[in-house]
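Trainee: Here it is: the structure, laid out below.
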Amino acid sequence: MRLVVEIMTGALFYVDVDDNATVADLKREIGSQEKLPVDRIIIILVHHNENNNQSVRLIDDRGLLVDCGIRDGSHIHLCFTPVDHDGGSPNHNSFYFTLPDSLFWYGPST
């Protein structure tokens with residue numbers, strides 16, 4: 001299946017994966033195609049409903065894309081785990097960023 005991938009700058013590219021691909025397969029394909037570090041890739045799927053949009057971070061690398069609601073032609077968002085320049089481990093449990101028409105937050109509820 002062919003997916004549309006959007007990065008935080010708004011630039012788009014396409015990636016092709018098998019119909020039975022996992023989240024890990026998608027990350028590997030994106031990393032290979034775009035020369036990106038696979039271990040820092042975060043995939044976000046935005047479900048568009050009548051009343052609102054819901055952003056979902058795909059965290060289970062073993063999960064099948066079709067089980068996550070991804071189909072041929074799906075539009076996904078790509079972002080990255082921040083690099084920690086202080087020598088500690090980056091916080092993989094929460095992130096916050098904005099896109100031109102979206103606001104994403106993933107992390108512990110306050």
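Residue 44 in full-length UniProt numbering sits at position 44 of the sequence shown; the count goes up by one each step and never skips.
Note that CB positions come from ideal geometry on N, CA and C, so glycine has one too.
These numbers come from a predicted model, not from an experiment.
Rounded to whole angstroms, how far is the Cβ of residue 23 from the Cβ of residue 43, which I believe are closer than 8 Å?
Mentor: Counting from one through the sequence shown, the residue named residue 23 turns up at place 23. Counting from one through the sequence shown, the residue named residue 43 turns up at place 43. Contact holds; Cβ gap of about 6 Å.
Trainee: Have a look at the DSSP bridge pairing and note the partners of residue 22.
Mentor: Numbered from its first residue, the sequence shown carries residue 22 at position 22. Residue 22 pairs with 64.
Trainee: When you compare the CB positions of residue 48 and residue 69, do they come within less than 8 Å of one another, or not?
Mentor: Taking the sequence shown and counting its residues from 1, one reaches residue 48 at position 48. Taking the sequence shown and counting its residues from 1, one reaches residue 69 at position 69. The answer is no: Cβ separation not under 8 Å.
Trainee: For the beta strand (DSSP E) that residue 55 lies in, which residues bound it at each end?
Mentor: Here residue 55 corresponds to residue number 55 of the sequence shown, with the count starting at 1. It spans 53-57 - the beta strand (DSSP E) in which residue 55 sits, taken as one unbroken run.
Trainee: Find the nearest neighbour of residue 1 within the set 20, 33, 62, 8, judged by alpha-carbon distance.
Mentor: Working through the sequence shown from its first residue, we reach residue 1 at position 1. Comparing Cα-Cα distances from residue 1 to each of 20, 33, 62, 8, the minimum goes to 20.
Trainee: What are the start and end residues of the beta strand (DSSP E) that includes residue 2?
Mentor: As a working note, residue 2 is residue 2 in the sequence shown. Taken as a continuous stretch (DSSP letters only), the beta strand (DSSP E) holding residue 2 covers 2-7.
Trainee: Cα separation between residue 99 and residue 55?
Mentor: Residue mapping note: residue 99 aligns to position 99 of the sequence shown, counting from 1. Residue mapping note: residue 55 aligns to position 55 of the sequence shown, counting from 1. For residue 99, the predicted model reports a pLDDT of 46, less than 50, meaning its position is unreliable; a value from the coordinates is still stated below. The alpha-carbon atoms of residue 99 and residue 55 are separated by roughly 12 Å.
Trainee: Is the beta carbon of residue 26 less than 8 Å from the beta carbon of residue 38?
Mentor: In the sequence shown, counting from the first residue as 1, residue 26 sits at position 26. In the sequence shown, counting from the first residue as 1, residue 38 sits at position 38. No, they are not a contact pair.
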